[in-house]
Amino acid sequence: MSVSSDDFQQLVEASPSLFALLDDISIRYINISGMHLLGVTDGSTLIGHSILDYIYPDDQRAFLNTLLQAETQTVDMPLYVEARVHFATHSDIRWCGFHLRPITIDGQRLSYVNGQDISSYAILNHRLQAFEQQFRAVFYQSPNGILLINPISGLVMRCNPAAGKILGENRERLLGKHFDVLFPPANPQSSFRNLVQTHQAISESRLYQQADGTIMPLVITLSYTFWNEHGAVVIAILHDISARMSAETERREREVIQRAYEKEQEVYEMKYRFMSIVSHEFRTPLATIQTSTELLENY
Numbered sequence: 001m002s003v004s005s006d007d008f009q010q011l012v013e014a015s016p017s018l019f020a021l022l023d024d025i026s027i028r029y030i031n032i033s034g035m036h037l038l039g040v041t042d043g044s045t046l047i048g049h050s051i052l053d054y055i056y057p058d059d060q061r062a063f064l065n066t067l068l069q070a071e072t073q074t075v076d077m078p079l080y081v082e083a084r085v086h087f088a089t090h091s092d093i094r095w096c097g098f099h100l101r102p103i104t105i106d107g108q109r110l111s112y113v114n115g116q117d118i119s120s121y122a123i124l125n126h127r128l129q130a131f132e133q134q135f136r137a138v139f140y141q142s143p144n145g146i147l148l149i150n151p152i153s154g155l156v157m158r159c160n161p162a163a164g165k166i167l168g169e170n171r172e173r174l175l176g177k178h179f180d181v182l183f184p185p186a187n188p189q190s191s192f193r194n195l196v197q198t199h200q201a202i203s204e205s206r207l208y209q210q211a212d213g214t215i216m217p218l219v220i221t222l223s224y225t226f227w228n229e230h231g232a233v234v235i236a237i238l239h240d241i242s243a244r245m246s247a248e249t250e251r252r253e254r255e256v257i258q259r260a261y262e263k264e265q266e267v268y269e270m271k272y273r274f275m276s277i278v279s280h281e282f283r284t285p286l287a288t289i290q291t292s293t294e295l296l297e298n299y
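Residue 1 is where the sequence shown starts when you use the numbering used here, and the numbers rise one by one after that.
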């Protein structure tokens with residue numbers, strides 16, 4: 001793009017965005033909004049300084065690479081890069097979005113920089129990215145099965161590895177299936193549509209039949225939430241309770257055996273007491289008879 005210096009200055013001085021001209025990476029011109037963005041009142045203090053002096057160190061490489069790419073590209077269109085800038089007078093940092101492109105002014109080729117303060121957007125975006133990273137870590141590493149379900153259609157949109165393992169299915173085969181088909185409700189009131197109407201977390205006991213016919217007892221927790229570009233979504237967390245039920249069955253069997261043993265001990269003690277009483281009752285008359293017999297023999 002080629003313009004005169006007067007036309008360029010008239011165009012950018014009234015702009016609320018940063019406008020600057022770079023000779024290589026040195027600042028040759030910057031408008032009033034740019035000075036305010038960098039925290040200075042006298043633009044002459046910026047002239048001749050490297051633009052990288054005001055770019056946060058961790059973002060300098062990305063900014064410089066984009067600047068070099070803009071200068072060498074054959075298509076006349078700006079390239080975009082986001083970078084943090086720090087004030088010349090204090091340590092505050094702001095996020096800026098920069099459009100970079102080459103420009104020819106009065107026959108001299110320079111780099112044209114247009115920057116806008118995007119701090120609010122960038123902070124929110126980075127928080128969302130951090131949340132998504134945390135969610136992905138939980139989603140893929142959780143020992144519990146997790147399904148993301150469309151609240152309108154009831155179809156499974158995504159599932160984690162644990163869900164495939166618990167259900168004994170290839171994850172791809174679970175996608176697109178209806179929740180009630182995978183986990184048949186015990187009654188109409190427990191259908192997926194009725195459960196999600198409350199928009200509250202609900203736990204349901206369901207049975208899932210694997211391909212080999214094995215019946216899996218599950219506790220499924222449904223929670224209604226929101227999910228960036230997908231809008232609303234229902235998260236279903238699958239808890240495999242087969243081990244718990246096996247342990248409960250074993251516990252009950254042990255209790256039955258223990259009660260049977262205690263009953264047997266009780267019967268044995270009753271027999272022992274009975275025999276003791278009978279023995280005592282028979283011993284006394286027998287002793288009397290024996291004594292009488294001995295007396296008769298002696299006399």
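Where a beta carbon is used, it is the ideal one built from N, C-alpha and C, also for glycine.
Please read all numbers here as calculations on a predicted model, not as lab measurements.
Neighbourhood of proline 16 by C-beta, 6 Å cutoff - its chain only, sequence neighbours within 5 removed:
Position 16 of the sequence shown holds residue 16. Closer than 6 Å at the Cβ level, and outside the excluded window around proline 16, lie Ser33.
Is the number of C-beta pairs between the region 97-105 and the region 53-72 that are closer than 8 Å three or more?
yes
CB-CB length for asparagine 160 against phenylalanine 179, believed under 8 Å
On the sequence shown, residue 160 is found 160 positions in, with the first residue counted as 1. On the sequence shown, residue 179 is found 179 positions in, with the first residue counted as 1. So it is not a contact: roughly 16 Å between Cβ atoms.
Does the Cβ of aspartate 240 have 16 or more other Cβ atoms within 10 Å, making it buried, or fewer, making it exposed?
Your numbering for residue 240 matches position 240 in the sequence shown. So aspartate 240 counts as buried.
Which stretch, first to last residue, makes up the alpha helix (DSSP H) that contains phenylalanine 179?
What you label residue 179 is simply residue 179 of the sequence shown in a count that begins at 1. From DSSP, the alpha helix (DSSP H) with phenylalanine 179 extends over 179-182.
Straight-line CA distance for leucine 305 to leucine 195?
No information on residue 305 is available, as it lies outside the stretch 1 to 299 that the chain covers here.
Give me the residue from Phe87, Ser26, Leu21, Gly168 with the minimum Cα distance to methionine 216.
Numbered from its first residue, the sequence shown carries residue 216 at position 216. If we check each option's Cα against that of methionine 216, Gly168 comes out closest.
Going by DSSP, name the residue or residues bridged to asparagine 114.
Taking the first residue of the sequence shown as 1, we reach residue 114 at position 114. Within the DSSP bridge table, the entry for asparagine 114 names Phe19, His99 as partners.
Range of the contiguous beta strand (DSSP E) that encloses alanine 236:
For the purposes of this step, residue 236 is taken as residue 236 along the sequence shown, with counting starting at 1. It spans 231-240 - the beta strand (DSSP E) in which alanine 236 sits, taken as one unbroken run.
Can you name, in chain order, every residue of its own chain whose Cβ lies under 8 Å from the Cβ of arginine 211, other than the five neighbours on each side?
For the purposes of this step, residue 211 is taken as residue 211 along the sequence shown, with counting starting at 1. Rather than arginine, the amino acid found at residue 211 in this sequence is alanine. The answer, listed in chain order, is Gly168, Glu169.
Nearest-angstrom Cα distance between alanine 163 and lysine 177?
For the purposes of this step, residue 163 is identified with residue 163 of the sequence shown, where counting begins at 1. For the purposes of this step, residue 177 is identified with residue 177 of the sequence shown, where counting begins at 1. Approximately 13 Å between the Cα atoms of the pair.
In terms of alpha-carbon separation, which member of Leu110, Pro151, Asp59, Arg273 lies closest to histidine 199?
Here the question's residue 199 lines up with position 199 in the sequence shown. Comparing Cα positions, the closest option is Pro151.
DSSP three-state call for valine 81: helix, strand or coil?
As a first step, residue 81 must be located in the sequence shown, where it is residue number 81. In the structure shown, valine 81 sits in a strand (DSSP, three-state: E or B).
Opposite arginine 109 in the DSSP bridges: which residues?
In the sequence shown, residue 109 corresponds to position 109, counting from 1. According to DSSP, arginine 109 bridges with Thr104.
Proline 184 versus Gln265, Arg61, Val219, Gly231, residue with shortest Cα-Cα distance:
Here residue 184 is taken as the residue at index 184 of the sequence shown, counted from 1. If we check each option's Cα against that of proline 184, Val219 comes out closest.
Please state if the CB of histidine 49 and the CB of isoleucine 30 are separated by a distance shorter than 7 Å.
Position 30 of the sequence shown, counted from the start, is the residue given in the question as residue 30. Position 49 of the sequence shown, counted from the start, is the residue given in the question as residue 49. The answer is no: Cβ separation not under 7 Å.
Quick one: what's proline 217 bridged to in DSSP?
As a first step, residue 217 must be located in the sequence shown, where it is residue number 217. Answer is Leu207.
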